[in-house]
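Participant: Let me begin by handing over the structure; questions about it come next.
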Amino acid sequence: MENYDSYVLSNGVYAYVYAPFVFEPDHPYSNNYNYTWTVTWSGATKIRLHFERYDIEGHYDHLRILDGSGNEKWDYSNGYGRQINDSVWTPWVDGDKIKVRLTTDGSVTYWGFKVDKVEGVFSGSSGAKNWEYKLLERSTYGLSGMSGHRTVPPDPAWEGHCDAWSSASIKEDEPTTTRILNGVEFDLNDQKGLLTSTYMDNVIGSYFWDIDQSKAKLFHDKLREYIKTNGKPIVMDVHTGGDQVWNHPVYKYEMTWYTDPGDPLKTIYTTKVWIKTDGWSVDGTGTPDDDKTYKYYIKTDGTSRFTDDSPDGYPDFMWYPLGRQEPFRRANPCVNYNTVQTIVGG
């Protein structure tokens with residue numbers, strides 16, 4: 000009789016890594032072993048696991064990845080002899096369920112495996128979430144090297160649109176198809192550029208948190224509050240040096256941590272965040288994300304500090320837009336929000 004063990008996670012954020020998330024057999028595993036672990040993340044469209052390590056006897060013992068219906072997607076017993084590897088992501092499995100099955104014969108046994116992370120991809124009914132989490136890279140603004148947009152090297156003598164497209168991507172549904180109004184064609188970049196303009200200096204209120212080197216806990220807590228708990232992105236100025244501001248939506252993070260051997264009241268964190276860039280593509284269909292890694296500690300008394308002293312060692316501030324108002328100082332008075340909504344089909 001095959002044994003099963005299930006782990007059910009609550010619905011999370013889009014392309015969110017949940018760690019630590021640990022399950023493993025006894026080390027070493029037993030002879031004549033047959034066990035299946037099932038991980039379900041409600042609402043996920045894809046799911047995968049991360050092996051901290053696997054160590055099995057090839058050909059005779061099998062470590063398999065299955066989809067929710069039990070169809071085999073991968074077998075790590077892909078040769079004879081000892082099969083051992085560290086830090087391996089499984090293939091993506093469609094749906095909200097993934098299974099790990101370990102079966103062994105009656106002779107040699109090795110260490111086994113340990114799963115330490117799970118990652119899920121989510122797509123909800125909210126178009127805003129689809130834009131901010133998955134497709135924000137299709138923004139029109141930030142055309143590198145073009146006059147009136149981003150310059151190379153960056154020149155602080157201008158004002159950009161990063162705050163506006165960050166707000167628009169969070170608060171507005173993402174355009175997904177070319178639109179024609181009064182005989183004029185508006186492609187994806189046109190529509191996203193217009194939506195961005197409607198948020199240029201038009202945001203009415205926001206939650207704002209100033210981050211300095213001694214506020215690592217605030218940074219840590221806001222990431223978890225917005226991305227993990229609320230399933231929302233958060234905007235971050237990723238540079239602290241100089242007068243320039245580079246706002247980017249942060250939509251995903253991964254944290255690892257350990258207790259300081261010399262101070263049991265101090266926890267050392269390494270946090271990697273994924274941001275949407277201000278890049279663009281001709282047809283509006285996507286450019287790569289970017290990522291940044293921050294190192295800091297938090298003590299049990301609440302004190303904290305980023306340990307990298309460089310200008311990129313910690314963000315300058317974080318914020319979240321609440322809504323929009325009528326055009327103000329930097330806004331284009333000729334871009335009417337209601338007209339833009341008619342164009343994009345809102």
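Numbering that gives the first Met the number 0 applies: residue 0 is where the sequence shown begins, and numbers increase by one.
Yeah, the Cβ is synthetic: ideal placement off N, Cα and C, and Gly gets one too.
Please read these numbers as outputs of a predicted model, since none were measured by experiment.
1. I need the straight-line Cα distance from H347 to W73, nearest angstrom please.
2. What are the boundary residues of the alpha helix (DSSP H) that T195 is part of?
3. Closest to N188 by CA distance: which of W164, V234, Y313, Y32 is it?
4. Rounded to whole angstroms, what's the CA-CA distance from G67 to V99? Just pull it up for me.
5. For D308, name the three-state secondary structure that DSSP assigns.
6. Less than 8 Å between the CB atoms is what I'm expecting for G111 and D172, so what's the real figure, rounded?
7. Mind checking whether Y293 and K271 have CB atoms under 9 Å apart?
8. Expressed to the nearest angstrom, what Euclidean distance is found between the alpha-carbon atoms of S86 and F50?
9. As a quick exercise: from Y32, G94, K96, G312, pick the residue whose alpha carbon is nearest that of Y109.
10. Please list the terminal residues of the continuous alpha helix (DSSP H) segment that includes L222.
11. Near S146, what residues of its chain come up, given a Cβ to Cβ distance below 8 Å and the 5 sequence neighbours on each side ignored?
12. Count the other CB atoms within 10 Å of the CB of E71; is the residue buried (16 or more) or exposed (fewer)?
13. Pick out whichever of P24, Y28, G119 has its Cα sitting closest to the Cα of R47.
14. In whole angstroms, give me the CA-to-CA distance for H160 and Q243.
15. Quick one: what's N33 bridged to in DSSP?
16. Starting from S86, trace the beta strand (DSSP E) in both directions and tell me its first and last residue.
17. Exposed or buried, what is S41 when buried is set at 16 or more other beta-carbons lying within 10 Å of its beta-carbon?
18. Buried or exposed for W245, please, with buried defined as at least 16 other CB atoms from any protein chain shown within 10 angstroms of its CB.
19. What did DSSP end up calling S166 once you bin it into helix, strand or coil?
20. Pick helix, strand or coil for T228, following the three-state DSSP scheme.
21. Indicate the three-state DSSP secondary structure (helix, strand or coil) for Y252 in the structure shown.
22. Would K96 and V38 be called neighbours here (beta carbons separated by less than 9 Å)?
Facilitator: Short version:
1. Coverage of the chain is limited to positions 0 through 345, which leaves residue 347 absent and any answer about it impossible.
2. 187-196
3. W164
4. 10 Å
5. coil
6. Actually they do not touch by this definition, with Cβ atoms about 47 Å apart.
7. yes
8. 6 Å
9. Y32
10. 215-222
11. Only weak support exists for where S146 lies, its pLDDT of 32 falling under 50; the coordinates are left without a value.
12. exposed
13. G119
14. 12 Å
15. T102
16. 80-88
17. exposed
18. buried
19. helix
20. helix
21. strand
22. yes
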